[in-house]
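Colleague: These protein sequences, in sequence, are chains A and B.
In my numbering, each residue's number is its place in the first sequence (first place is 1) plus 312.
In my numbering, each residue's number is its place in the second sequence (first place is 1) plus 312.
No residue lacks a Cβ here, since even glycine has one placed at the ideal position from N, Cα and C.
Remember, predicted model here, so these are calculated numbers, not experimental data.
Number of protein chains: 2
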Amino acid sequence: MPPRSSSNTGPKLVSLKTLAEYLGLSAATVSFVLNDAPNRSIPEKTRQRVREAAQKFGYQPSHIARSLQGKRTHTIGVLLPELGDGYHSQVLGGAADVFMREKYFFMTTHHRHKKDLVAEYTQLLLSRRIEGLLSIDTHLEVPPTAPTVAVAGHSPLAGVTNVVLDHERAAELALGHLYELGHRKIAFMRGQLFSSDSRSRWRATLHTAREMGLEVAADLTILLERDTHSPELGYPGVKQLLELKRKFTAVLCFNDVSAIGASRAIHDAGLSVPNDISVMGFDDIPAAEFYTPSLTTIRQPLREIGSVAATLLLKKIEGMKVPEVKRIAPELVVRESTARVRKSK
Amino acid sequence: MPPRSSSNTGPKLVSLKTLAEYLGLSAATVSFVLNDAPNRSIPEKTRQRVREAAQKFGYQPSHIARSLQGKRTHTIGVLLPELGDGYHSQVLGGAADVFMREKYFFMTTHHRHKKDLVAEYTQLLLSRRIEGLLSIDTHLEVPPTAPTVAVAGHSPLAGVTNVVLDHERAAELALGHLYELGHRKIAFMRGQLFSSDSRSRWRATLHTAREMGLEVAADLTILLERDTHSPELGYPGVKQLLELKRKFTAVLCFNDVSAIGASRAIHDAGLSVPNDISVMGFDDIPAAEFYTPSLTTIRQPLREIGSVAATLLLKKIEGMKVPEVKRIAPELVVRESTARVRKSK
DNA sequence: GCATCATAGACAAACGTTTATCTTGACGTC
DNA sequence: GACGTCAAGATAAACGTTTGTCTATGATGC
């Protein structure tokens with residue numbers, strides 16, 4: 313296809329005033345017509361003329377001028393650590409669906425967890441008169457002066473609504489599944505201490521295990537330490553357990569990546585997943601499905617988390633009351649890496 | 313940590329006027345001080361007073377009012393099909409790095425390839441006075457009236473700069489690698505006809521193969537048809553080739569996902585990757601590294617593509633001339649799924 | 001034939017800035 | 001003492017809208 317003609321230095325943007333001048337009308341009248349303002353008597357004939365002229369000149373009202381005196385900007389500010397990795401982008405995607413549907417635009421900023429950037433961007437967004445702030449995995453120091461909803465925010469802040477994964481439910485699903493398959497000797501992985509929701513997850517795991525009468529043995533607990541996103545994360549711990557001849561029939565991993573590492577360690581020890589040992593992941597990353605054996609895991613409904621957060625934020629902006637905290641239930645995804653524990657010891 | 317105090321109905325935003333009134337000065341003077349306007353004589357004492365008051369009231373200049381008369385809004389509009397999947401988010405991430413660094417903010421819109429939405433959002437962004445448009449994997453019908461850079465845009469448009477992967481280079485890297493390993497009978501996968509850059513890739517592959525003296529045999533060519541993102545995409549074609557007893561030592565897959573499917577088919581046929589057949593992917597998705605055997609692949613430097621596009625866009629906005637098309641070189645990532653062809657036939 | 005009323009539209013203020021130009025008083029110079 | 005200069009700041013216009021109020025003009029009522 314040949315390039316189209318029109319240049320992109322573009323027809324200069326036409327203002328209400330120019331349009332009015334051309335029509336021999338006042339800007340006000342033109343504005344009334346274009347906005348279908350009520351309580352104004354303007355004959356259909358004039359309306360036609362105005363609309364045609366607007367069409368002809370490709371008139372676009374200046375959103376800036378508009379929002380200068382009307383309060384509404386229909387703009388949201390988003391704060392997140394990094395764009396492009398799976399987690400944050402998916403949450404943002406879910407939120408974006410809602411924003412677009414409700415005719416809000418949003419500006420995204422990323423700060424790589426730098427405190428001063430978080431503060432700076434918050435201010436800059438505010439000075440652009442955003443109506444609300446969506447904070448994803450971001451540590452806010454003070455409550456912003458605009459309605460705010462935080463996803464996976466750490467500390468509770470006055471007036472800031474938190475949307476978080478229901479870790480209790482996650483633990484129930486994971487342990488419940490293993491329990492039903494007959495597993496009683498389960499190895500546990502505990503997330504790195506610096507990891508954002510590592511603590512709440514571990515607490516929920518301990519709590520649920522106790523309720524179900526499952527033992528969380530210290531000598532079957534692996535504490536992750538390395539700061540990596542490769543399966544190498546889960547390999548050494550499980551390998552060591554196997555070398556020490558600890559007895560267990562399943563391992564509850566911190567996430568899918570470490571579950572893949574765990575699988576490899578089991579495989580390398582000459583054992584089979586899931587026949588000898590079941591492996592349970594967390595997150596449901598795309599690789600969880602592709603891996604062999606595909607991973608049974610707990611899915612975090614990231615898009616849903618995003619859309620719930622966005623919905624709550626819009627409600628707040630409209631002045632409605634919303635809860636301080638909203639928990640989102642995860643889902644159990646059963647695949648190949650877990651199986652019924654074998655009768656034969 | 314206990315919740316902080318301050319409420320988020322927030323201290324009402326303070327305007328220049330209010331500030332000026334409080335100080336007993338005119339708004340203009342306050343503006344001069346706060347902007348360090350040159351050629352204005354204002355005693356240091358007054359400057360101090362002004363700055364202190366601004367601090368005290370947490371004054372934030374209204375970006376909106378500012379950009380109403382100055383032309384600059386320092387805002388970019390982004391058009392993409394979908395937020396949250398790997399490809400687009402990574403490109404956006406790379407672009408965002410540049411935008412943030414250069415103090416531009418951006419609004420992201422997604423259109424799921426709906427033509428009318430593309431047009432509508434372009435207009436809306438324009439009416440918000442964006443200074444430039446970044447179009448990612450989006451089919452633009454007409455050149456927008458603002459400087460525009462397109463990533464993986466399909467048709468060339470007058471004045472729109474295109475940033476694309478250098479498919480020729482990609483083919484050279486892939487085929488060169490296989491060639492060096494001794495492969496001469498290679499099976500090819502051709503992308504679905506509806507896939508965006510399927511055509512240019514195939515053309516480059518044919519061209520490069522010819523140059524290297526490699527044969528692209530019709531009976532070793534698999535045309536993908538299913539519209540799926542699961543490995544199932546690559547499985548049946550390769551399986552069929554094996555069943556038909558076609559002889560080949562390597563398969564050049566359309567992407568990593570289909571490469572995983574291909575691997576499985578080979579495995580299921582009782583053959584080994586890479587000992588019997590080498591498998592080459594494309595994209596370098598995260599799973600490529602985790603899979604067993606990990607995939608040799610051609611990496612699309614997505615973040616780089618994004619940052620190059622953003623850089624070009626900013627240059628255009630500054631009024632500099634930039635090329636109509638910019639090709640980004642891919643990278644060969646050698647892992648376990650390819651090996652030297654075995655001597656023994 | 002005059003008051004009343006609806007119509008069709010103009011006028012002007014306001015939103016929060018920036019910036020060019022003007023004012024005022026103090027001081028210095030010859 | 002007339003004049004110019006400079007400092008310190010005020011005024012006002014402008015950016016592109018929206019919206020409350022005002023004004024002509026003609027039509028209607030009695």
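Since E643(B) sits in a beta bridge, which residues does DSSP pair it with?
Modeller: R611(B)
Colleague: Quick check on D539(B): buried or exposed, where buried means 16 or more other Cβ atoms within 10 Å of its Cβ?
Modeller: It is exposed - the Cβ of D539(B) has fewer than 16 other Cβ atoms within 10 Å.
Colleague: So with Cβ pairs under 9 angstroms, would you call L624(B) a contact of chain A?
Modeller: no
Colleague: Using beta-carbon positions only, say whether L614(B) and V403(B) come within less than 9 angstroms of one another.
Modeller: yes
Colleague: Identify the contact partners of P543(B) in chain A, using a Cβ-Cβ distance below 7 angstroms as the criterion.
Modeller: F602
Colleague: In whole angstroms, what is the alpha-carbon distance linking L331(A) and V475(A)?
Modeller: 47 angstroms
Colleague: Residues of chain B with a CB under 8 angstroms from the CB of F506(A): which are they?
Modeller: Going along chain B, no residue has its Cβ under 8 angstroms from F506(A), so there is no contact; the nearest lies around 17 angstroms.
Colleague: Is there at least one Cβ from chain A nearer than 9 angstroms to H425(B)'s Cβ?
Modeller: Not closer than 9 angstroms to any Cβ of chain A, the Cβ of H425(B) fails to qualify, so no.
Colleague: Output yes if chain B places a C-beta closer than 9 angstroms to the C-beta of V303(A); else output no.
Modeller: Coverage of chain A is limited to positions 313 through 657, which leaves residue 303(A) absent and any answer about it impossible.
Colleague: DSSP three-state label for I442(B), please.
Modeller: coil
Colleague: Please classify Y603(B) as buried or exposed, where buried requires at least 16 other C-beta atoms within 10 Å of its C-beta.
Modeller: buried
Colleague: Note down, in chain order, every chain B residue with its Cβ under 7 angstroms from the Cβ of T419(A).
Modeller: Position check: residue 419(A) holds Met in this sequence, whereas Thr was assumed. Result: F417, F418, M419.
Colleague: Between the alpha carbons of P468(B) and S343(B), how many angstroms are there, rounded?
Modeller: The C-alpha of P468(B) lies about 45 angstroms from the C-alpha of S343(B).
Colleague: So with CB distances below 7 angstroms, who are the chain A contacts of M632(B)?
Modeller: Those within 7 angstroms of M632(B) in chain A number zero; the least Cβ separation is about 14 angstroms.
Colleague: Evaluate contact between the region 407-418 of chain A and the region 616-632 of chain A, counting only Cβ atoms and requiring at least three cross-stretch pairs below 8 angstroms.
Modeller: yes
Colleague: Just to confirm my understanding: we take V591(A), look at its own chain, exclude 5 residues before and 5 after, and list those with CB closer than 6 angstroms. What are they?
Modeller: When the five nearest sequence neighbours on each side are left out, the beta carbons in the same chain lying within less than 6 angstroms of the beta carbon of V591(A) are those of V563, A571, A574, S575, V585, S649, in order along the chain.
Colleague: Let me confirm a value: V653(B) is counted as buried when at least 16 other C-beta atoms fall within 10 Å, else exposed. Which label applies?
Modeller: buried
Colleague: Per the DSSP calculation, L526(A) is bridged to which residue(s)?
Modeller: DSSP lists no partner for L526(A).
Colleague: Taking the CB atoms as reference points, tell me whether V345(A) and V326(A) lie closer together than 9 angstroms.
Modeller: V326(A) is positioned such that its CB atom lies no closer than 9 angstroms to that of V345(A).
Colleague: Could you confirm whether any beta carbon from chain B is found closer than 9 angstroms to the beta carbon of D397(A)?
Modeller: yes
Colleague: Around the Cβ of S353(A), are there at least 16 other Cβ atoms within 10 angstroms (buried) or fewer (exposed)?
Modeller: Exposed.
Colleague: Beta-carbon of S374(A) versus every beta-carbon of chain B: anything under 9 angstroms?
Modeller: yes
Colleague: Nearest CA to the CA of A651(B): which residue from G593(B), R511(B), H495(B), S512(B)?
Modeller: Nearest to A651(B) by alpha-carbon distance, out of G593(B), R511(B), H495(B), S512(B), is H495(B).
Colleague: At what residues does the beta strand (DSSP E) containing G389(A) begin and finish?
Modeller: 387-392
Colleague: For L395(B), does the count of other Cβ atoms within 10 angstroms reach 16, so buried, or fall short, so exposed?
Modeller: buried
Colleague: Using the Cβ count rule (16 or more neighbours within 10 Å means buried), how would you classify R424(B)?
Modeller: R424(B) should be labelled exposed.
Colleague: For P548(B) and chain A, any beta-carbon pair shorter than 9 angstroms?
Modeller: no
Colleague: Evaluate the contact criterion for the region 514-528 of chain B versus the region 540-549 of chain B: three or more CB pairs, one atom per stretch, below 8 angstroms.
Modeller: no
Colleague: When the cut-off is 9 angstroms and only beta carbons count, does E394(A) lie next to chain B?
Modeller: yes
Colleague: Quick check: the Cα distance between G405(A) and K427(A), rounded to an integer number of angstroms?
Modeller: 24 angstroms
Colleague: So which residues of chain A does I572(B) contact, with C-beta pairs closer than 7 angstroms?
Modeller: F602
Colleague: Report the CB separation of V448(A) from V463(A) in whole angstroms; it is logged as a contact under 8 angstroms.
Modeller: Note that residue 448(A) is Ile in the sequence shown, not Val. So it is a contact: roughly 5 angstroms between Cβ atoms.
Colleague: Within 10 angstroms of its Cβ, does G382(A) collect 16 or more other Cβ (buried), or is it exposed?
Modeller: exposed
Colleague: What are the boundary residues of the alpha helix (DSSP H) that includes F411(B)?
Modeller: 398-413
Colleague: Between which residues of its own chain and A431(A) is the CB-CB distance below 8 angstroms, once the five residues before and five after are set aside?
Modeller: E453
Colleague: Can the beta-carbon of D595(B) be found closer than 9 angstroms to that of V634(B)?
Modeller: no
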